[in-house]
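Taking it in order: structure first as structure tokens, then the write-up.
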């Protein structure tokens with residue numbers, strides 16, 4: 001049986017008597033045209049494995065099974081959906097369903113080799129899951145994830161944007177991040193109170209090592225924890241003005257105007273790692289301009 005031979009998603013939900021659970025942050029995408037577009041944006045997969053978190057009734061799963069993905073591994077916390085998802089198995093061995101909380105799963109034990117993550121993430125765990133994938137020991141080949149629009153904008157924000165903060169710096173230090181699709185609330189069942197958006201992230205070849213990433217988390221927590229203060233004040237526990245000087249930044253700047261390169265220099269100074277021989281502009285240019 002192919003996905004085209006299956007009953008509609010609404011019919012499947014009705015047949016199993018299933019409704020979304022608010023406590024799990026569930027909002028279902030039942031329009032296969034939309035789920036197919038998301039999969040096209042995520043691919044091509046070229047036979048690589050794909051992990052999907054929170055598949056629910058399987059709208060995105062059906063599109064993945066139609067694609068050039070290799071193994072498709074579903075991680076579903078809600079046991080009500082396991083029988084329904086099992087009906088998508090055509091016996092080819094491509095589909096694996098795992099009942100688990102994705103926050104506690106070790107992805108390296110689910111797939112072999114490089115793998116994509118493609119998910120309409122439950123709203124209540126979307127950000128924690130992203131941080132886990134960005135900062136953990138397992139590196140995906142690419143991630144194509146749906147979030148609340150506000151969270152998607154925080155991931156892809158640039159210095160000076162209202163949404164610019166810790167999530168943007170950490171996400172963009174590890175990955176090239178691009179907002180690739182907007183969806184209105186009406187696209188979901190039940191409709192959430194906010195719009196949604198899809199972000200595509202591809203890990204950088206020069207992403208920070210674990211020590212530098214931990215230092216970056218410390219720096220961004222301090223800097224954006226008091227984002228209206230000058231860096232000399234917000235970063236005082238880490239070295240304040242002296243830390244800024246070591247990173248080639250003005251102590252009078254605020255976190256919201258420091259670019260990724262500037263934050264990475266701050267993190268290197270905290271971690272005791274050498275600075276690049278030719279630092280980029282951004283914060284350093286601003287410092288020279290202020291002094292010049």
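Numbering (UniProt numbering), first residue to last: 1 to 292. Even for Gly, the Cβ is constructed at its ideal location relative to N, Cα and C.
Inter-residue distance for residue 222 and residue 13 is about 46 Å (C-alpha atoms, whole angstroms). If you compare the alpha carbons of 249, 144 and 60 with that of residue 8, the shortest gap goes to 60. Under DSSP, the beta-bridge partners assigned to residue 28 are 189.
The beta carbon of residue 106 lies closer than 8 Å to those of 138 in the same chain, with the five residues before and after it left out. The beta carbon of residue 63 sits closer than 6 Å to those of 35, 36 and 39, all from its chain and outside the five residues before and after it, given in chain order. Residues of the same chain with a CB within less than 6 Å of the CB of residue 157, apart from the 5 flanking positions on each side, are 163, 164 and 168 in chain order. When secondary structure is reduced to three states using DSSP, residue 203 falls in the strand class.
DSSP places residue 210 in the uninterrupted alpha helix (DSSP H) bounded by 210 to 225.
Per DSSP, residue 263 is one residue of the alpha helix (DSSP H) stretching across 260 to 271. Restricted to the stretch 137 to 174, the beta strand (DSSP E) segments that are unbroken, complete and at least 3 residues in length are 142 to 148, listed in chain order. Non-local beta-carbon contacts of residue 202 in its own chain, meaning distances under 7 Å to residues more than five positions away in sequence, involve 142, 175 and 176 in chain order. At the C-beta level, residue 72 and residue 85 stay beyond 7 Å of one another. Membership of residue 234 in the alpha helix (DSSP H) is indicated by the continuous run 231 to 234. Under a 10 Å Cβ-count criterion, residue 103 is classified as exposed, with fewer than 16 other Cβ atoms of the shown protein chains found around its own Cβ. Taken through DSSP and simplified to helix, strand or coil, residue 71 comes out as coil.
By the C-beta criterion, the stretch 145 to 153 is judged to be in contact with the stretch 182 to 202, since at least 3 inter-stretch pairs fall below 8 Å. The beta carbon of residue 128 sits closer than 8 Å to those of 103, all from its chain and outside the five residues before and after it, given in chain order.
With 16 or more other Cβ atoms inside 10 Å of its own Cβ, residue 76 counts as buried. Contact between the stretch 219 to 239 and the stretch 115 to 123 is absent, with fewer than three C-beta pairs closer than 8 Å. Residue 97 carries a strand assignment under DSSP once its states are collapsed to helix, strand and coil. Judged by DSSP in its simplified three-state form, residue 6 adopts coil rather than helix or strand.
In the assembly as shown, residue 55 is a buried residue. Its beta-carbon has 16 or more other beta-carbons within 10 Å. If you compare the alpha carbons of 58, 217, 248 and 251 with that of residue 136, the shortest gap goes to 217. For residue 245, the enclosing alpha helix (DSSP H) starts and ends at 240 to 246. Secondary-structure assignment with DSSP links residue 15 through no beta bridge to anything. Straight through space, the alpha carbons of residue 91 and residue 215 are spaced by roughly 47 Å.
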